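S.K.:
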Amino acid sequence: MSLELESASVEQTQEIAQQIARLVEPGDVILLNGDLGAGKTHFTQGLAAGLETPTVPTSPTFNIMFVYEGGRLPLYHFDLYRLEDADELEDIDYYGTIEGDGVSVVEWADKFEDAQPDECLAITIRILPDQTRVLSLEPYGGHFEDIVAAIA
Numbered sequence: 365m366s367l368e369l370e371s372a373s374v375e376q377t378q379e380i381a382q383q384i385a386r387l388v389e390p391g392d393v394i395l396l397n398g399d400l401g402a403g404k405t406h407f408t409q410g411l412a413a414g415l416e417t418p419t420v421p422t423s424p425t426f427n428i429m430f431v432y433e434g435g436r437l438p439l440y441h442f443d444l445y446r447l448e449d450a451d452e453l454e455d456i457d458y459y460g461t462i463e464g465d466g467v468s469v470v471e472w473a474d475k476f477e478d479a480q481p482d483e484c485l486a487i488t489i490r491i492l493p494d495q496t497r498v499l500s501l502e503p504y505g506g507h508f509e510d511i512v513a514a515i516a
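The numbering used here puts the last residue of the sequence shown at 516; the count rises by one with no breaks.
1. Is it the case that the Cβ atoms of Ser342 and Glu502 are separated by a distance below 8 Å?
2. For a quick check, are the C-beta atoms of Val393 and Leu439 less than 8 Å apart?
3. Tell me, which residues are paired with Asp465 by DSSP?
4. For Glu483, collect the residues of the same chain with a Cβ closer than 6 Å to its Cβ; drop the 5 residues on either side in sequence, then sort them by chain order.
5. Whose C-beta lies closer than 8 Å to the C-beta of Phe476 among residues of the same chain, with five residues either side of it excluded?
6. Return the residue from the list Ala385, Val374, Gln480 and Lys404 that minimises the CA-CA distance to Ala514.
7. Compute the beta-carbon to beta-carbon distance between Leu499 and Ile380, rounded to the nearest angstrom, for a pair I have assumed lies under 8 Å.
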């Protein structure tokens, strides 16, 4: 069951993410796709707030990954925008991290579709002409279908 949600503000986008944060478990992966400025990092900030992470995430574009601890679960925030080749995922321990003890959020995940886990929640954020955002949630796997159903 896919789901589309509209968001008229940063706060609404973050509230959607907070709802999802209440339902995630260790090893969960959320893939975020959308144009520059669509709201991927704002979504991640909402997810961190929902996980009760004390630090507000910033875009990891130049660092590739940030780790946020101190909340209900560790949050691993990847930004694959600057990576050129899928081999670089090994260099940053991408596979080991997404199978780990926290929740992984992967911005620009569509750059490396073969690296996406079989079970995940894929979210695409589109910007409408009036600047409203549409978040399209596509669950892969029963656990993520349950998450989408719970927030529908």
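C-beta atoms are modelled at their ideal positions from N, C-alpha and C, and glycine is treated no differently. Since the structure is predicted, the reported quantities are computational estimates derived from the model, not experimental observations.
M.R.: Let's see:
1. Because the chain in this structure spans residues 365 to 516, residue 342 falls outside the shown range and cannot be described.
2. Translated into the one-based positions of the sequence shown, residue 393 becomes position 29. Translated into the one-based positions of the sequence shown, residue 439 becomes position 75. Contact flag unset, no.
3. On the sequence shown, position 101 is the one that residue 465 refers to. In the DSSP output, where bridge partners are listed per residue, Asp465 has none listed.
4. Along the sequence shown, one-based indexing puts residue 483 at 119. So the list reads Tyr504 and Gly505, once near-sequence residues are dropped.
5. Taking the sequence shown and counting its residues from 1, one reaches residue 476 at position 112. Closer than 8 Å at Cβ, skipping near neighbours: Leu444, Leu447, Ala450 and Leu453.
6. Working through the sequence shown from its first residue, we reach residue 514 at position 150. The shortest Cα separation from Ala514 among Ala385, Val374, Gln480 and Lys404 belongs to Ala385.
7. Locating residue 499 in the sequence shown gives position 135, where the first residue counts as 1. Locating residue 380 in the sequence shown gives position 16, where the first residue counts as 1. Yes, they are in contact, since the Cβ atoms of Leu499 and Ile380 sit about 6 Å apart, within 8 Å.
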